[in-house]
Amino acid sequence: MEQSLGQDSVPGFGSFDKSRVLDVRPLRRLVPVFPSASSSSSFSTPQGAAPFVCASPAGPFPPGVSPFFPFFISAESQRPLEQNQQTPSGVGNQNTPFVFNNPISNAVPINSFRTPPSSTARGTPNQYTGTSNGDTTPSRRITRSRAQPQSQSGIAEEDGFNTSVTDGENTRKVGRSKGKFQSQKRTRGGQDINVALPDVDVDAIVDNILTSYTDTFRQADGNKESVGYALIFYDLLRRRITQLEEMKEKIPGASRTGRPDLRAGTLFMNKGIRTNTKRRIGAVPGVEVGDIFFFRMELCLVGLHAPTMGGIDYMGVKNSTEDEPLALSIVSSGGYEDSVEDANVLIYSGQGGNASNDNRNNREMKDQKLERGNLALEKSLHRANDVRVIRGLKDVSNPTGKVYVYDGLYKIHESWVDKGKSGCSVFKYKLVRLPGQPEAFTIWKSIEQWKVETTTTRVGLILPDLTSGAENLPVTLVNDVDGEKGPAHFTYISSLQYSKPVNLTESSAGCTCIGGCLPGNSNCSCIKKNGGFLPYTANGLLVNQTPLLHECGLSCQCPPNCRNRVSQGGLKIRLEVFKTKEKGWGLRSWDPIRAGSFLCEYAGQVLNISGVEELGGDYEDDYIFDATRTCEPLGVLPGDSTETPKVPFPLIISANTAGNVARFMNHSCSPNVFWQPVLRENKNESDLHIAFYAVGHIPPMTELTYDYGLIPHERKKVCLCGSVKCRGSFY
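Just so you know, we're using our numbering here: the sequence shown kicks off at 1 and counts up by one.
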């Protein structure tokens with residue numbers, strides 16, 4: 001600002017520019033001004049000190065007291081204090097201390113002003129009330145039936161939307177972004193940045209999902225397909241909303257709608273985009289033991305655990321005389337004093353009594369009561385019904401986040417009352433895992449041990465690091481199937497190698513975003529090429545699959561940590577090359593993988609068409625990647641572009657003698673990974689790469705596969721993927 005409002009400056013009547021108020025602080029941060037009339041003062045004023053005074057927000061103001069913005073400044077209040085302050089006889093008395101005796105008749109309500117987000121912290125808390133600022137319509141607050149710390153609510157805070165959870169009425173219309181592109185200007189490091197807010201109708205996106213998959217959702221008994229679609233579309237929508245919200249971050253006055261995970265979940269629930277609507281005891285169709293979730297709302301959408309905040313899910317079941325509550329599922333995420341060390345036994349603490357591990361509000365501790373969820377667990381002990389257990393574990397990629405692992409079915413073996421850390425009575429329940437189920441939590445504990453051991457005794461370990469230090473993270477080589485000591489020799493390289501430059505038909509100067517590309521910056525040439533959007537969220541997740549993704553490159557002025565260089569940072573997850581039973585060598589991860597996460601690129605040597613022809617029989621090698629192949633887009637929402645990948649030239653990569661971990665990824669007709677052409681800005685040269693991203697959430701130790709697609713001129717090979725959608729062959 002070229003000018004600022006000084007302490008003693010008072011704008012004239014009707015001349016106050018509200019846009020100049022850059023920092024509107026809450027009332028609790030204002031320094032109070034107390035009255036000190038001789039007849040009412042309860043304390044003495046130090047000799048020689050000015051008396052405490054109290055001024056109406058609309059004036060008049062004693063000497064040294066500034067106007068209280070953002071209030072309307074009347075012409076009457078602009079008059080000197082001596083002209084407004086009168087004795088009962090109407091005679092001015094300058095010796096009488098000023099007192100608050102004028103009614104506030106023209107103050108503007110605080111709730112009619114919107115405080116701009118802080119320019120220093122991206123994730124400023126923003127309460128989602130479901131109503132517009134100043135709206136007085138009632139809202140329904142989602143409360144916790146088993147109080148847990150906010151950071152353990154299952155809602156990812158790495159997206160920068162760590163806010164209180166308040167939801168409006170279920171019937172309200174949520175999420176519509178109205179209006180055309182709106183251009184705003186903000187400044188970063190003295191550089192003007194134009195931000196274009198797009199016109200995106202989120203409601204229309206949800207309607208397209210429902211229209212395209214009407215028969216898939218709203219099923220009382222779901223299946224793997226409906227569960228998969230519900231989770232994939234939910235996270236695609238959540239990432240899209242996150243992308244839109246991040247464009248509004250530092251724009252004063254831009255309306256924010258709260259946490260994208262809650263908004264996407266509310267839209268899905270209101271529209272009926274969910275599956276397994278029938279509440280049940282035991283296994284949930286389509287949900288497999290070991291499946292992972294990053295949001296509590298996901299548990300609700302697939303029918304695994306209904307409460308979005310509570311730790312115990314139960315329902316009434318008729319017996320011979322009356323209804324009694326039975327527990328359906330529990331979530332153990334560290335909010336209470338649970339014992340989780342044993343992979344097959346869980347000591348679970350009851351709900352209530354404010355007995356959580358993080359009593360942030362300093363609420364009074366009380367003894368827990370045998371009611372609600374506690375009563376349901378007690379009844380399930382006597383009825384011996386199965387209870388689903390979901391364990392909340394620390395997210396290695398986000399210290400404040402949680403990963404929720406479905407650990408299968410348990411039975412309650414005993415219960416007792418114990419004294420908690422607070423000294424109050426807490427119900428305890430011992431749950432034992434049913435035998436014969438696939439491993440889930442056990443795998444996580446094994447991986448934790450592998451990461452800390454310097455000399456592991458793991459069966460089948462061949463090499464602790466296949467890359468010999470070429471990657472940021474080691475890649476283990478394991479064979480616990482047969483005696484083979486490793487794949488055929490090859491040279492490990494971490495990126496693509498061009499034998500000679502490939503010139504572009506149109507030159508590119510790259511972007512000039514010195515501090516890094518910002519969402520919605522219409523001045524950024526790289527963002528323009530991506531349709532006006534930054535393709536990644538703040539935590540590096542790809543928003544959606546596109547025919548061609550443009551990343552910043554050598555010709556750009558942004559730093560290496562720019563948000564538009566995700567595929568250039570090397571491996572970010574712990575990978576492992578392992579021997580499969582039927583398909584040779586494969587690739588899997590030690591870490592849980594979020595939908596949209598970058599996995600790796602396909603490294604190797606770029607071949608031209610003449611080079612491929614010279615290879616002859618070698619062209620049939622498994623380590624050839626042909627970017628002209630076609631396959632069905634996976635990381636897109638209904639209504640988005642489903643064009644096949646667009647590559648500037650026929651890119652063919654050979655990883656036969658030199659490559660990276662991508663050469664070990666096998667084909668599947670139902671893949672959990674998709675490939676994406678990525679073009680990096682490099683002046684007149686084409687710097688094209690092939691990057692791989694996760695379609696959905698992928699549990700640890702799950703094989704990573706992608707669809708090899710169709711290449712008509714190649715011969716068919718027998719497919720051994722084992723998918724229910726298996727085509728029987730691939731190219």
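Ideal Cβ placement from N, Cα and C applies to all residues, glycine included.
The residues Leu548, Ala627, Thr628, Pro677, Leu688, in chain order, have a CB closer than 8 Å to that of Val647 in the same chain once the five nearest residues on each side in sequence are set aside. Shown here, Ala691 sits in a strand according to DSSP, grouped into three states. Out of Lys445, Glu225, Ala658, Leu377, the CA that lies nearest to the CA of Gln497 is found in Ala658.
For Tyr602, no beta strand (DSSP E) segment is defined, and its DSSP state is neither H nor E. Under DSSP, no beta-bridge partner is assigned to Met665. Uninterrupted beta strand (DSSP E) stretches at least 3 residues long and entirely within the region 341-398 occur at 345-349, 387-395, given in chain order.
When rounded, the separation of the alpha-carbon atoms in Glu298 and Met665 is 28 Å. For Ser525, the uninterrupted alpha helix (DSSP H) segment begins and ends at 525-529. Using a 10 angstroms sphere on the CB of Gln449, the tally of other CB atoms stays under 16, which defines it as exposed. The way I'd put it, the region 274-282 doesn't touch the region 253-263; fewer than three beta-carbon pairs between them come closer than 8 Å. It is roughly 16 Å from the alpha-carbon of Met701 to the alpha-carbon of Gln437.
Taking every protein chain shown into account, the CB of Ile412 has 16 or more other CB atoms within 10 angstroms, so this residue is buried. For Leu375, the closest of Val417, Gly635, Tyr404, Tyr410 by C-alpha to C-alpha distance is Val417. In the three-state DSSP reduction, Tyr336 falls in the coil class, being neither helix nor strand.
Closest in C-alpha terms to Tyr492, from the list Leu518, Lys394, Arg663, comes Arg663. In terms of CA proximity to Ser597, Val543 leads the group Ile624, Val636, Asn608, Val543. Burial check for Asp407: the Cβ neighbour count within 10 Å reaches 16 or more, so the residue is buried. For Tyr708, there is no enclosing alpha helix (DSSP H), since its DSSP letter is neither H nor E.
Taking the C-beta atoms as reference points, Glu341 is found no nearer than 8 Å to Ser349. Excluding the 5 residues flanking it on each side, Arg240 has same chain C-beta neighbours closer than 8 Å at Val200, Val202, Ile205, Val543, Asn544, Leu637, in chain order. Between Ser555 and Ser508, the C-beta spacing is below 8 Å. The closest CA to that of Tyr410, considering only Phe427, Leu431, Ser425, Thr400, is found on Leu431. Annotated as proximal: His550 and Lys529, with beta-carbon spacing under 8 Å. Look at Phe578 here: in three-state DSSP terms it is strand.
Shown here, Phe295 sits in coil according to DSSP, grouped into three states, outside any helix or strand. DSSP places Pro260 in the uninterrupted alpha helix (DSSP H) bounded by 260-271. For Ser499, the three-state secondary structure derived from DSSP is coil.
For Trp585, the enclosing beta strand (DSSP E) covers residues 585-589. If you draw a straight line from the Cα of Val405 to the Cα of Glu576, it is about 21 Å long. Listed in chain order, the non-local C-beta contacts of Val478 below 8 Å within the same chain comprise Arg458, Gly460, Leu461, Ile462, Glu576, Val577, Phe578, Lys579, local neighbours out to five positions each way being set aside. Counting of Cβ neighbours within 10 angstroms places Lys485 among the exposed residues, the total staying below 16.
Ala220 sits exposed, since fewer than 16 C-beta atoms from the chains shown fall within 10 Å of its C-beta. The beta-bridge partner set that DSSP reports for Ala204 is empty.
Per the C-alpha coordinates, the member of Ser333, Gln351, Asp261, Lys581 positioned closest to Val481 is Lys581.
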